[in-house]
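Okay, structure first, notes after.
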Ligand code: KG4
Ligand code: ZN
């Protein structure tokens, strides 16, 4: 079964055809990130206007490269920016009606987990997943495709948001995650502290608390105070920020793995593109000897894309009457059957 996936929740416009949830037939993407770089962050109105410009060419390209052959249409209906979401949702509804193809609504956060089904190896259940994106930080337990339970998440800023806000304080461009990572690398490659043992300037909130919650909002205040000091080494600060975020994500996930004993651990969302995060996860899992298979998407599937939407749709196939579907910018990664929270 081939599904055409459509993604437009933020500043990326994606369309992809995926076979049986795992095989990529085509994958097209347009991004308005360069425009947002100039303003230092996303202006929702501008992101929506760029979505309008890109959606038809991107969908057309995905279909063309997939030989026009697909059985259903899947679309992100939330969470995200309402103006951006509407572009994908209304496009998918129209195409579903005109081409008489079933329509499958997809929760964007759940779809991030499915980027891990696009690699050579497939995850086994039960799994623990950590979704770390620009707007969310969520730990979930996946018993199977339809039972996904939220077990913890951030109480304030998301991990990606922390990267973005701290990058801004350092005068680095949007998106902050890759910018901080690149700057941190300059410090790490020229210091023996590359192992991370000498990097401990910033607090790791809630790291030792007996729950699966996170808090990242204090980090930006600590970073602001440091940047106000006369001597502040930007490269070192970037490494400190990255390490503080990574340490908390790894420790809390490890706690969840020890409690739930999953067969697989799935890292997902834009922040899962972070090399330091993936390296430290692998090191920690090896050291703790917890016997869990570690999954992280290929970088292009960590950040927003439509292949993960088509994959999630295949494993859920919860169709809806196109006239009934509405974008929902606020949906959470919660509930027993997440795809059908509409
Ligand atoms: O999943 P995503 O593409 O969009 C949302 O659903 O939010 O995630 C975007 C987030 C941004 O905050 C960005 O700074 C972060 O992912 N990000 C990274 C990296 N690449 C993207 N954070 C850390 N390291 C990276 N290499
Ligand atoms: Zn995303």
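Numbering (my numbering), first residue to last: 21 to 362.
Ideal Cβ positions, reconstructed from N, Cα and C, are used throughout, including at glycine.
Fair warning: this is a prediction, and the values are worked out from it, not measured in the lab.
Query, Result
"Between the region 65-72 and the region 91-107, can you find at least three pairs of beta-carbon atoms closer than 8 Å?", "yes"
"Less than 8 Å between the beta carbons of residue 35 and residue 79, yes or no?", "yes"
"Is the region 267-275 touching the region 121-134 in the sense that three or more CB pairs, one from each, lie closer than 8 Å?", "no"
"Considering only residues of the same chain and omitting the five flanking positions on each side of residue 46, which have a CB-CB separation below 7 Å?", "36, 37, 82, 85 and 86"
"For the 8 Å Cβ check, are there 3 or more pairs between the region 323-333 and the region 23-30?", "yes"
"Going by DSSP in three states, residue 145 sits in which element: helix, strand or coil?", "coil"
"Determine which residues share a DSSP beta bridge with residue 127 and list them.", "98"
"Residue range of the beta strand (DSSP E) that residue 410 falls in?", "As shown, the chain starts at 21 and ends at 362. That puts residue 410 outside it, with no answer to give."
"How big is the Cα-Cα spacing for residue 217 and residue 143?", "Any answer about residue 217 is weak, because its pLDDT of 48 lies below 50 and its placement is not dependable; what the coordinates show is given next. Roughly 32 Å separates the two Cα atoms."
"When DSSP labels each residue in this structure, what does residue 229 get in the three-state scheme?", "coil"
"Is it right to say residue 325 is buried, meaning 16 or more other beta carbons lie within 10 angstroms of its own, or is it exposed?", "buried"
"Over the uninterrupted alpha helix (DSSP H) stretch that includes residue 272, give me the two end residues.", "254-280"
"Going by alpha carbons, who is nearest to residue 88 out of 96, 105, 282 and 39?", "39"
"Can you tell me whether residue 191 is buried or exposed? The criterion is at least 16 other CB atoms within 10 Å of its CB, across all chains shown.", "exposed"
"Let me have the residue list for ligand 2: C-beta closer than 5 Å to any non-hydrogen atom, ordered along the chain.", "153 and 324"
"Nearest to residue 141 by alpha carbon, out of 350, 92 and 314?", "314"
"Residues in the same chain with beta-carbon distance under 8 Å from residue 231, minus the five sequence neighbours each way, listed in chain order, please.", "172"
"How should residue 236 be labelled, buried or exposed, when 16 other C-beta atoms within 10 angstroms of its C-beta is the threshold for buried?", "buried"
"Less than 7 Å between C-beta atoms, sequence neighbours within five positions excluded: which residues of the same chain meet that for residue 427?", "Beyond the ends of the chain as shown, which are 21 and 362, falls residue 427; an answer cannot be given."
"Buried or exposed for residue 306, going by 16 or more other Cβ atoms inside 10 Å?", "exposed"
"Determine the DSSP secondary structure at residue 39, reduced to helix, strand or coil.", "strand"
"May I ask whether a heavy atom of ligand 1 can be found less than 7 Å away from the beta carbon of residue 177?", "no"
"DSSP on residue 224, reduced to helix/strand/coil?", "coil"
"When the Cα of residue 57 is compared with those of 194, 135 and 209, which residue comes out closest?", "194"
"Since residue 75 and residue 30 should fall inside the 8 Å C-beta cutoff, what is the C-beta to C-beta distance between them, to a whole number of angstroms?", "Going by Cβ atoms, the distance from residue 75 to residue 30 rounds to 14 Å, so no, they are not a contact pair."
"Just tell me which of 96, 130, 110 and 115 has its CA closest to the CA of residue 90.", "115"
"From residue 222 to residue 268, what distance separates their C-alpha atoms?", "11 Å"
"I'd like the span of the beta strand (DSSP E) that includes residue 306, first residue to last.", "Run containing residue 306: none in the beta strand (DSSP E); it sits in the alpha helix (DSSP H), 295-308."
"For the alpha helix (DSSP H) holding residue 70, just list the boundary residues, first then last.", "64-85"
"Run the CB neighbour count on residue 302, radius 10 Å, all protein chains shown included, and call it buried at 16 or more, exposed below.", "exposed"
"Which residue from 66, 287 and 256 puts its Cα closest to that of residue 51?", "66"
"I need the DSSP call for residue 343, collapsed to helix, strand or coil.", "helix"
"Nearest-angstrom Cα distance between residue 125 and residue 186?", "34 Å"
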